[in-house]
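The listed protein sequences derive, respectively, from chains Z and L. Per the numbering used here, residue 1 is the first one in the first sequence, and the count goes up by one each step. Per the numbering used here, residue 139 is the first one in the second sequence, and the count goes up by one each step. Here a beta-carbon is modelled for each residue, glycine too, at the ideal position from N, C-alpha and C.
Protein chains: 2
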Amino acid sequence: MFSIGELSRRTNVKIPTIRYYEESGLLDAPERTEGNQRRYDAAGLERLSFIKHARDLGFSIEAIAALIELQGHPDRSCAEATDIASAQLSDVRAKIKRLRALEKELVRISKGCDGNGMTEDCYVLASLADHRLCEREH
Amino acid sequence: MFSIGELSRRTNVKIPTIRYYEESGLLDAPERTEGNQRRYDAAGLERLSFIKHARDLGFSIEAIAALIELQGHPDRSCAEATDIASAQLSDVRAKIKRLRALEKELVRISKGCDGNGMTEDCYVLASLADHRLCEREH
DNA sequence: TCTTGAACCTCTAGTCACTGGAGATCGTAT
DNA sequence: ATACGATCTCCAGTGACTAGAGGTTCAAGA
Chain Z
1 MFSIGELSRR TNVKIPTIRY YEESGLLDAP ERTEGNQRRY DAAGLERLSF IKHARDLGFS
61 IEAIAALIEL QGHPDRSCAE ATDIASAQLS DVRAKIKRLR ALEKELVRIS KGCDGNGMTE
121 DCYVLASLAD HRLCEREH
Chain L
139 MFSIGELSRR TNVKIPTIRY YEESGLLDAP ERTEGNQRRY DAAGLERLSF IKHARDLGFS
199 IEAIAALIEL QGHPDRSCAE ATDIASAQLS DVRAKIKRLR ALEKELVRIS KGCDGNGMTE
259 DCYVLASLAD HRLCEREH
């Protein structure tokens, strides 16, 4: 049995975040001491590690809740879990695609100005003001 | 002179968002009709287009406010503007890097499970539960 | 046993960039 | 004159935390 601070140290999840996860229903409410302080066991640590890992991979709280639900039913098909994972993968890929387009445009804009002139003639500002100066949609 | 609805249509920025930009100081408060409705001119349209374009490129409201500030001083060096743009570029590149790592990990996790088994043996769930199954840090 | 001080508790509010709704008023076409 | 869509302000909600105030508890040392 260990305190919330100890759990925080072991998982690298901040204390208010742990309480937030509890409030959102991702973490079961743990036992309490007589003085009302939370005391966790190995199961709590495992659960929080799962959540942390999933959050690091960008899963939403909602998706994580669904994954935890599935974990609790070892006899159910895991198709749902793989669906959630592949949805997350598509999401990540879409974000990468969009960011690459932005990167290209930002490189183009930045190249146009060496930073030595006056704002009057700044290509950065001109590009932002006039969308026609862009090469592609974004 | 045109209404907020017309401005919204022309810029593809939603009406509440336009009001939000005004409240945040990015847009000057426009003239009003006798009945208190906003009426915009070409300058308002131009300004909002600038903001929209910068937001599409991922600049924060704060960064945009700084860029607008600079726009208003044509005689100042544009080094600051290029700095803001290159900071934004680094930011975008950092995000891409991180997302690529996540993508790799998600592909690996997804590959391990065909979705036909039971959750009990699901590699997706097992991977999330046990960080040691990951190939790299993320 | 007592005291200290770090750790913990709850509750509220703030972050960013919007988005949506309620309820009231305005503008314009017929 | 009337109808009705557009607009007004104000307030609350989103996601995933984060921070602070003000009070209580735990554990170690004297």
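Subject >> Helix, strand or coil at Ser127/Z [DSSP, three-state] >> reply: helix
Original post:
What did DSSP end up calling Arg19/Z once you bin it into helix, strand or coil?
Top reply: helix
Subject >> Sheet register partners of Met256/L (DSSP bridge) >> reply: Ser77/Z
**OP:** Could you name the residues of the segment 111-129 of chain Z whose beta carbon sits closer than 9 Å to any beta carbon of chain L, in the order they occur along the chain?
**Re:** Cys113, Asp114, Gly115, Asn116, Gly117, Met118, Thr119, Glu120, Asp121, Cys122, Tyr123, Val124, Leu125, Ser127, Leu128 and Ala129
**OP:** Determine the burial state of Lys52/Z: buried for a count of at least 16 other Cβ atoms within 10 Å of its Cβ, exposed for fewer.
**Re:** buried
Original post:
From the DSSP output, which residues share a beta bridge with Glu31/Z?
Top reply: Arg39/Z
Subject >> Closer than 7 Å at the beta carbon, the chain Z residues around Thr220/L >> reply: Ser110, Cys113, Gly115 and Val124
**OP:** Could you tell me whether the Cβ atoms of Leu165/L and Arg185/L are closer together than 9 Å?
**Re:** yes
Original post:
Does the ligand ADP have even one heavy atom less than 8 Å from the beta-carbon of Ser24/Z?
Top reply: Inclusion of the ligand ADP in the displayed structure is not the case, the ligand content being empty and no account of it being possible.
**OP:** Could you spell out where the alpha helix (DSSP H) holding Leu195/L opens and where it closes?
**Re:** Looking at the DSSP string, Leu195/L is not in any alpha helix (DSSP H), and its letter there is neither H nor E.
Original post:
Just the Cα atoms here: how many angstroms apart are Tyr123/Z and Gly112/Z?
Top reply: 6 Å
Original post:
Got a sec: is the Cβ-Cβ distance from Glu243/L to anything in chain Z below 9 Å?
Top reply: yes
**OP:** Please classify Gln88/Z: is it buried, with 16 or more other beta-carbons within 10 angstroms of its beta-carbon, or exposed?
**Re:** buried
Subject >> Span of the alpha helix (DSSP H), counted from its first residue to its last, around Leu133/Z >> reply: Element bounds for Leu133/Z: n/a, residue is neither H nor E.
Original post:
Using a beta-carbon distance cut-off of less than 8 Å, what residues from the segment 39-55 of chain Z approach chain L?
Top reply: Glu46, Ser49, Phe50, His53 and Ala54
**OP:** Determine, using beta carbons only, whether Asp259/L and Cys134/Z come nearer to each other than 9 Å.
**Re:** no
Original post:
From the DSSP output, which residues share a beta bridge with Phe2/Z?
Top reply: Tyr40/Z
**OP:** Check the Cβ of Ala223/L against every Cβ in chain Z and list those closer than 7 Å, keeping chain order.
**Re:** Leu106, Ile109, Ser110 and Val124
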